[in-house]
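Participant:
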Amino acid sequence: MTIAPETAPRVALITGATQGLGLALAEGLAQRLSPRDTVYLTGRDLDRVNCAVDAVPGGGAQVRGELLDVADPHAADRLAGRLRERHGGVDVVFGNAVMRVGPDDDPRKIVTEYAEVNNFGTTRVLRAFAPLLREGGRLIVVASSLGTLHYLAPVLHDRFDGLTSLDEVDEQVAAWRDAVADGSARGGAWPGFVNIPSKIGQVAAVRALAHQRRERDAARGVLLAAVCPGMMNTPTSGMWWDVSGAPSPADAAVPLLDLALGPVDPGHYGQLVRNGDVLPWKPGE
Numbered sequence: 046m047t048i049a050p051e052t053a054p055r056v057a058l059i060t061g062a063t064q065g066l067g068l069a070l071a072e073g074l075a076q077r078l079s080p081r082d083t084v085y086l087t088g089r090d091l092d093r094v095n096c097a098v099d100a101v102p103g104g105g106a107q108v109r110g111e112l113l114d115v116a117d118p119h120a121a122d123r124l125a126g127r128l129r130e131r132h133g134g135v136d137v138v139f140g141n142a143v144m145r146v147g148p149d150d151d152p153r154k155i156v157t158e159y160a161e162v163n164n165f166g167t168t169r170v171l172r173a174f175a176p177l178l179r180e181g182g183r184l185i186v187v188a189s190s191l192g193t194l195h196y197l198a199p200v201l202h203d204r205f206d207g208l209t210s211l212d213e214v215d216e217q218v219a220a221w222r223d224a225v226a227d228g229s230a231r232g233g234a235w236p237g238f239v240n241i242p243s244k245i246g247q248v249a250a251v252r253a254l255a256h257q258r259r260e261r262d263a264a265r266g267v268l269l270a271a272v273c274p275g276m277m278n279t280p281t282s283g284m285w286w287d288v289s290g291a292p293s294p295a296d297a298a299v300p301l302l303d304l305a306l307g308p309v310d311p312g313h314y315g316q317l318v319r320n321g322d323v324l325p326w327k328p329g330e
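In this text, residue positions in the sequence shown follow this note's numbering: the first is 46, and each later residue adds one.
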């Protein structure tokens, strides 16, 4: 099924789009869509948003910059309201906003802001934009292969498995955040790398919302999924690993764009997808 009738202008939005993968997604969408379509490139710094918009090559969809700080509890709802007034709905949303951490960062000091952006920012975007999806729309959260229960101690699996609402996901993320902040996570089963529980929380959020929307989304050809772009050659990744041979953000964006603009595979719904394949959520699947 196509995203929308060919006669209808399409609307796409990317959060965290001023650099890296987010900017590559904005550029890729602009190239693949038509001049009648609109791509919203968003970020939390207006100067960087404007510079990123200016850097996108012309010739495709119209690229518009919008200020969106997903850490602001009301920002996603405000932007969703403006897009509803302008366009009536949206066709493609990539949730890509992320706070980056380095090996020298103390998890106890950064975890509150980290969860606010990466996790509560994700659930805010899901709440705000899922109701705006038009027939055949796509709502895709950029996560990681670390976002599965394979990377979490079995004693903690029940924290994130089987959740059926975004409120439940937020509650579990808040409990993890507080345990890291007060130091109690160090003496328990939580992994020391905060990226693991955070990514698991993002995928759990997609799964919880999919649990609620699956039937009506299937009837409307809507895809809700998390996606793993794989290792990329970026300065942030380079602080942790040798990424000299890793794909560029532009190359890593290609399968994500295919997922957003190609035919819907019902098997992808509510799942974590990497290069077109579903990554199992937990051992035994």
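Using N, Cα and C, we set each Cβ at its ideal position, and we do this for glycine too.
From the DSSP output, in three-state form, read off G110 for me.
Facilitator: G110: strand per DSSP, three-state reduction.
Participant: Quick one: grab the DSSP three-state call for V318.
Facilitator: Of the three classes helix, strand and coil, the one that applies to V318 here is strand, per DSSP.
Participant: Given a cut-off of 8 angstroms, decide if T168 and L211 are closer than it, judged by their beta-carbon atoms.
Facilitator: It is a contact, given that the beta carbons lie within the stated cut-off.
Participant: Once DSSP output is grouped into helix, strand and coil, what is the label at A234?
Facilitator: In this structure, A234 counts as coil in the three-state DSSP scheme.
Participant: If V248 and G192 are in contact, beta carbons under 8 angstroms, what's the gap, nearest whole angstrom?
Facilitator: So it is a contact: roughly 4 angstroms between Cβ atoms.
Participant: Assuming contact is defined by CB atoms lying nearer than 8 angstroms, are R265 and E180 in contact in what I supplied?
Facilitator: Yes; because the gap between Cβ atoms is below 8 angstroms, this pair is in contact.
Participant: Considering Cα atoms alone, identify which of G133, L302, G321 is closest to L78.
Facilitator: Residue L302 is the option with its Cα nearest to L78.
Participant: Would you mind reading off the limits of the beta strand (DSSP E) that contains G88?
Facilitator: It spans 83-88 - the beta strand (DSSP E) in which G88 sits, taken as one unbroken run.
Participant: Alpha carbons only, please: which of G104, E72, A62, L317 is nearest the one belonging to S190?
Facilitator: The shortest C-alpha separation from S190 is found at L317.
Participant: Considering only C-alpha positions, which residue in the set G275, R259, Y196, L268 is nearest to G246?
Facilitator: For the residues G275, R259, Y196, L268, the minimum Cα distance to G246 belongs to Y196.
Participant: Identify the continuous alpha helix (DSSP H) that holds E260 and give its terminal residues.
Facilitator: It spans 240-265 - the alpha helix (DSSP H) in which E260 sits, taken as one unbroken run.
Participant: Let me check one thing: in DSSP terms, what residues is R346 bridge-paired to?
Facilitator: Shown here, the chain extends from 46 to 330; a query on residue 346 therefore has no answer.
Participant: So the alpha helix (DSSP H) A219 belongs to, where does it begin and stop?
Facilitator: Run containing A219: 211-226, per the alpha helix (DSSP H) assignment.
Participant: So G110 and N95 are in contact, right, with Cβ under 8 angstroms, and what is the actual spacing, rounded?
Facilitator: That pair is a contact at about 6 angstroms.
Participant: Mapping DSSP to helix, strand and coil, what is V143?
Facilitator: Note: V143 maps to coil in three-state DSSP.
Participant: Identify every residue that forms a DSSP beta bridge with I155.
Facilitator: Answer is none; I155 lacks a bridge partner.
Participant: For V267 and G207, I'd like the C-alpha separation in whole angstroms.
Facilitator: Rounded to the nearest angstrom, the two C-alpha atoms are 22 angstroms apart.
Participant: Closest to H202 by C-alpha separation, out of W235, F174, A226, would be which residue?
Facilitator: Comparing Cα-Cα distances from H202 to each of W235, F174, A226, the minimum goes to W235.
Participant: State the CB to CB distance for the pair I59 and N141, rounded to an integer number of angstroms; the pair is presumed to be in contact (CB under 8 angstroms).
Facilitator: Rounded, the Cβ-Cβ distance is 6 angstroms, consistent with contact.
Participant: Distance check for A253 and G61, CA to CA, integer angstroms please.
Facilitator: Roughly 23 angstroms between the two C-alpha positions.
Participant: Short of 7 angstroms in beta carbon distance, which residues of its chain neighbour K244, apart from the five on each side in sequence? Order them along the chain.
Facilitator: Cβ within range, chain order: A188, S189, L191, G192.
Participant: Contact check, A271 vs V239 under 8 angstroms by CB: the rounded distance?
Facilitator: Actually they do not touch by this definition, with Cβ atoms about 18 angstroms apart.
Participant: Of the residues D322, D117, G105, E260, which one's Cα is nearest the Cα of D90?
Facilitator: Of the candidates D322, D117, G105, E260, the one whose C-alpha sits nearest the C-alpha of D90 is D117.
Participant: Going by C-alpha distance, which of A53, Q64, K327 is nearest P199?
Facilitator: Considering only alpha carbons, the answer is K327.
Participant: For A75, is the classification buried or exposed, using 16 other Cβ atoms within 10 angstroms of its Cβ as the cut-off for buried?
Facilitator: Buried, since its Cβ has 16 or more Cβ neighbours within 10 Å.
Participant: Cβ-heavy atom distance between A224 and the ligand FMN below 7 angstroms?
Facilitator: Judged by which ligands are present, the structure shown has none, so any question about the ligand FMN falls away.
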